[in-house]
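Engineer:
Residue numbers (this note's numbering), protein chains in the order written: chain A, 1 to 294; chain B, 295 to 621.
Given below as structure tokens:
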């Protein structure tokens, strides 16, 4: 059962990291929105799915993957901005459950909107021409696209980190997630900040959908299981923590990949069991503040 | 005339179990076909179980499909693999969902608020994948088939369980029992404790109540009722679909509860009627059932968070209050 060569092990580890990169991106978006707005976006999986559809569609339309890479986050971010302004904003101050319930309904609407626009079958995907083939990594050949996926995630995470830690806007976001009242007193329109953060979060969700599209089937239901999986990542990493999202995302990806190597029938199960174990030992997650959850 | 209406409304409020049962007794007459009434009855019960946790205790679980599914699967396995009689199947379904409720509840009540929703959802997915993979027992992707119960033999009578109307009244008996239990729970001191937890958990702790224990207990009770609904559904459909464990099924309980009116006694049934009747009508008109229900649900969250029955009951209460003053 365990006669796995080191090469295969290393390759599977890389596959897990590539999968984890997508999880990390999703969890970052969730955490960002939660950290600011205390809203759990149940439509996050749906935004991921919309991003994948728009990505495949714009790739077919324009032929340029790099152009889609720019277009899709803008489009899903714009949808997110509209949703926040007209659907989520009226619910602030009405209890923590209502935005959650609303985004759950929104996810149904987005699923059917994609069925309506692109059919119930989903779209065929292909790896962008520039990123086909594989690279030799010293221990084996690894698909170039997955390597790109890891690199792109690293760039996005770095960019986001610089934005939040080093810019004036990031300063407002950090202050707003700690005490929105004081930020408002200082003369900053916090609702506009929330609006933009929701837009950024959904844009990242769309972007992760676009990036993940060539590695999985694109259909209207693809966002449904991934929502549950990104919840696992946020619980393991700690809600509202960006480093937590990245570390837990990669860990969950690796755990999934390694279990599929050793005992494939338990792959889906393994990550949920991981979450149960983390809940027992450290309910607030790796990087969550103690007491935040209880 | 007016006085008798007031008297009737006051009586209905006092005898809430009897009122709901009276409605359910004549309900099949209002529906286009009997199989739909059976479906609504079962899902109404599912929503009642969920409402105990969400509506009365304020804990928004997104994992209640686990209990509907475990109840259904264990009842189904008892019939298909064990050859057990129908009543033993129902008991084993309820007991199994209680056990699942203890395990999931123990882990989930360590978290609160939004985390509780996320954690229950993720824990329920464990159950989903476990049953999905155990296909020699559960039929995996195809669901568990052949849960065949044709007749219900009771001392003195034998009921044809294939006739939907007869089936309705057999299931009605179980629903009546469950509603009576729920009403007793809500009227008991324990019922006051769970509502206190919903209103202000810190204060309930300060008053000396063991909040964690109360939460776990109400979680398990709610799981048991949802498990009963699942077991009855298995006997009704003679198949347990794998989708009954999926978190979208949990979402259905949330939707029924909110549409009907959370924290009201009659609301879950109103929600079940609206959602399932709407589904029946809309799927004949368009393929886009999911989008329609999503839109309806969003409208309710935004504009009628108390749901249909909750809004109506408020009006009635206010009217009764005015009558009381003028009388």
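In this text, a Cβ means the ideal position worked out from N, Cα and C, and glycines have one as well.
(1) Here's the rule: buried if 16 or more other CB atoms are within 10 angstroms of the residue's CB, otherwise exposed. What is residue 309(B)?
(2) Using the DSSP secondary-structure output, state which residues sit across from residue 136(A) in a beta bridge.
(3) Under the DSSP definition of a beta bridge, which residues are partnered with residue 179(A)?
(4) Which residue comes first and which comes last in the beta strand (DSSP E) that contains residue 448(B)?
(5) Got a sec? Which residues, its chain only, sit under 7 angstroms from residue 338(B) by beta carbon, not counting five neighbours each side?
(6) With H, G and I counted as helix, E and B as strand and the rest as coil, what does DSSP make of residue 533(B)?
(7) Output the distance between the C-alpha atoms of residue 295(A) and residue 325(B), rounded to the nearest integer angstrom.
(8) My output table needs one value for residue 293(A): the three-state DSSP class, helix, strand or coil.
(9) Would a C-beta distance cut-off of 8 angstroms place residue 335(B) and residue 533(B) closer than the cut-off?
(10) Residues in the same chain with beta-carbon distance under 7 angstroms from residue 543(B), minus the five sequence neighbours each way, listed in chain order, please.
(11) Please list the residues of the region 407–434 of chain B that have a C-beta atom closer than 7 angstroms to any C-beta atom in chain A, keeping them in chain order.
(12) Between residue 500(B) and residue 234(A), what straight-line distance do the alpha-carbon atoms span, to the nearest angstrom?
(13) Give a yes or no on contact between the region 95–115 of chain A and the region 123–130 of chain A, applying the rule of three or more CB pairs nearer than 8 angstroms.
(14) Strictly below 8 angstroms CB to CB, what residues from chain A border residue 599(B)?
(15) On a CA-only basis, which of 595(B), 610(B), 614(B), 618(B) is nearest residue 99(A)? Give me that one, please.
(16) Determine the DSSP secondary structure at residue 354(B), reduced to helix, strand or coil.
(17) According to a CB-to-CB cut-off of less than 8 angstroms, which residues of the region 114–129 of chain A neighbour chain E?
(18) Curious, which full-length alpha helix (DSSP H) runs of at least 4 residues does the region 43–82 of chain A contain?
(19) What span of residues does the alpha helix (DSSP H) with residue 96(A) cover, start to end?
(20) Hey, how far is the Cα of residue 140(A) from the Cα of residue 10(A)?
(21) Against residue 584(B), what residues of chain A qualify as contacts under a CB-to-CB distance less than 7 angstroms, listed in chain order?
(22) At the 8 angstroms Cβ level, is residue 222(A) part of the contact set with chain B, yes or no?
(23) Within 10 Å of its beta-carbon, does residue 263(A) have 16 or more other beta-carbons around it, so buried, or fewer, so exposed?
(24) So the beta strand (DSSP E) residue 451(B) belongs to, where does it begin and stop?
(25) Using alpha carbons as the reference points, say which of 13(A), 51(A), 33(A), 7(A) lies closest to residue 209(A).
(26) When DSSP labels each residue in this structure, what does residue 218(A) get in the three-state scheme?
(27) Specify, as a first and last residue, the run of the alpha helix (DSSP H) that residue 12(A) falls within.
(28) Taking C-beta to C-beta, are residue 211(A) and residue 149(A) nearer than 8 angstroms?
(29) Does the count of Cβ pairs from the region 295–312 of chain B and the region 250–258 of chain A closer than 8 angstroms reach three?
(30) The alpha helix (DSSP H) with residue 120(A) in it runs from where to where?
(31) Would you identify the three-state DSSP class for residue 186(A), choosing helix, strand or coil?
(32) Taking C-beta pairs closer than 8 angstroms, name the residues in chain B that residue 48(A) reaches, listed in chain order.
(33) Please confirm whether residue 344(B) and residue 547(B) have their CB atoms less than 8 angstroms apart.
(34) For residue 261(A), which residues in the same chain have their Cβ closer than 6 angstroms to its Cβ, ignoring the five residues on either side in sequence?
(35) Going straight from the alpha carbon of residue 496(B) to that of residue 399(B), what length do you get?
(36) Need the endpoints of the alpha helix (DSSP H) that residue 403(B) sits in, please.
Structural biologist: Taking the structure as given:
(1) Your numbering for residue 309(B) matches position 15 in the second chain. Residue 309(B) is exposed by the Cβ-count criterion.
(2) One-based indexing of the first chain puts residue 136(A) at position 136. DSSP links residue 136(A) through a beta bridge to 141(A).
(3) As a first step, residue 179(A) is located in the first chain; it is residue number 179 there, counting from the start. Bridge partners of residue 179(A): none, in fact.
(4) Stepping through the second chain from its first residue, residue 448(B) is reached at position 154. Where residue 448(B) is concerned, the enclosing beta strand (DSSP E) stretches over 445–448.
(5) Taking the second chain and counting its residues from 1, the one referred to as residue 338(B) is at position 44. If we look at residue 338(B) and ignore the five residues flanking it on each side, its Cβ neighbours are 562, 563, 566.
(6) What you label residue 533(B) is simply residue 239 of the second chain in a count that begins at 1. Note: residue 533(B) maps to strand in three-state DSSP.
(7) A question about residue 295(A) goes unanswered here, because the residues of chain A that appear run from 1 up to 294.
(8) Walking along the first chain from the start, residue 293(A) turns up at place 293. Bear in mind that the predicted position of residue 293(A) carries a pLDDT of just 42, short of 50, making it unreliable; the figure below should be weighed with that in mind. Correct three-state label for residue 293(A): coil.
(9) Working through the second chain from its first residue, we reach residue 335(B) at position 41. Working through the second chain from its first residue, we reach residue 533(B) at position 239. With contacts defined by Cβ atoms closer than 8 angstroms, residue 335(B) and residue 533(B) do not form a contacting pair.
(10) Counting from one through the second chain, the residue named residue 543(B) turns up at place 249. Counting only residues of its own chain and dropping the five nearest sequence neighbours on each side, residue 543(B) has a CB closer than 7 angstroms to the CB of 359, 362, 537.
(11) Per Cβ criterion, the list reads 407, 408, 409, 411, 412, 413, 415, 416, 417, 419, 420, 423, 424, 427.
(12) Taking the second chain and counting its residues from 1, one reaches residue 500(B) at position 206. Taking the first chain and counting its residues from 1, one reaches residue 234(A) at position 234. Cα-Cα distance, rounded: 31 angstroms.
(13) Contact annotation: the region 95–115 of chain A does not touch the region 123–130 of chain A, with fewer than three C-beta pairs closer than 8 angstroms.
(14) Mapped onto the second chain, residue 599(B) falls at position 305. The answer, in chain order, is 94, 98.
(15) Reading the first chain from its first residue, position 99 is the one you call residue 99(A). Comparing Cα-Cα distances from residue 99(A) to each of 595(B), 610(B), 614(B), 618(B), the minimum goes to 595(B).
(16) Mapped onto the second chain, residue 354(B) falls at position 60. It is coil, neither helix nor strand.
(17) As a matter of chain content, chain E is missing from the structure shown, whose protein chains are A and B.
(18) Correct list: 44–62.
(19) For the purposes of this step, residue 96(A) is identified with residue 96 of the first chain, where counting begins at 1. Per DSSP, residue 96(A) belongs to no alpha helix (DSSP H) and is neither H nor E.
(20) For this step, residue 140(A) is matched to residue 140 along the first chain. For this step, residue 10(A) is matched to residue 10 along the first chain. Each residue's CA atom was taken as its position, placing residue 140(A) and residue 10(A) some 8 angstroms apart.
(21) Counting from one through the second chain, the residue named residue 584(B) turns up at place 290. Against residue 584(B), the close residues of chain A are 108, 111, 112, in the order they occur along the chain (beta-carbon pairs closer than 7 angstroms).
(22) Here residue 222(A) refers to the residue found at position 222 when the first chain is read from its first residue. No, no contact with chain B.
(23) As a first step, residue 263(A) is located in the first chain; it is residue number 263 there, counting from the start. Using a 10 angstroms sphere on the CB of residue 263(A), the tally of other CB atoms stays under 16, which defines it as exposed.
(24) Locating residue 451(B) in the second chain gives position 157, where the first residue counts as 1. Annotation for residue 451(B): the continuous beta strand (DSSP E) segment containing it runs 451–454.
(25) Against the first chain, residue 209(A) aligns to sequence position 209. Here the closest residue by C-alpha is 51(A).
(26) Stepping through the first chain from its first residue, residue 218(A) is reached at position 218. Strand, per DSSP.
(27) The count along the first chain starts at 1 and reaches residue 12(A) at position 12. If you look at residue 12(A), you'll find it in the alpha helix (DSSP H) that goes 6–37.
(28) Locating residue 211(A) in the first chain gives position 211, where the first residue counts as 1. Locating residue 149(A) in the first chain gives position 149, where the first residue counts as 1. Their beta carbons are under 8 angstroms apart, which means residue 211(A) touches residue 149(A) by this criterion.
(29) The answer is no - the region 250–258 of chain A does not touch the region 295–312 of chain B, with fewer than three Cβ pairs under 8 angstroms.
(30) Looking up residue 120(A) in the first chain gives position 120. Per DSSP, residue 120(A) is not a residue of any alpha helix (DSSP H), being assigned neither H nor E.
(31) By 1-based counting over the first chain, the position of residue 186(A) is 186. Note: residue 186(A) maps to coil in three-state DSSP.
(32) Along the first chain, one-based indexing puts residue 48(A) at 48. Contact annotation for residue 48(A) against chain B: no contact, minimum CB-CB distance about 16 angstroms [criterion: below 8 angstroms].
(33) Sequence index remark: in the second chain, residue 344(B) carries index 50 (1-based). Sequence index remark: in the second chain, residue 547(B) carries index 253 (1-based). In this structure, the beta-carbon distance from residue 344(B) to residue 547(B) falls below 8 angstroms.
(34) In the first chain, counting from the first residue as 1, residue 261(A) sits at position 261. Within the same chain, residue 261(A) has close Cβ partners 12.
(35) Your numbering for residue 496(B) matches position 202 in the second chain. Your numbering for residue 399(B) matches position 105 in the second chain. Cα to Cα, residue 496(B) sits roughly 20 angstroms from residue 399(B).
(36) Position 109 of the second chain, counted from the start, is the residue given in the question as residue 403(B). Going by DSSP, residue 403(B) is part of no alpha helix (DSSP H) at all; its letter is neither H nor E.
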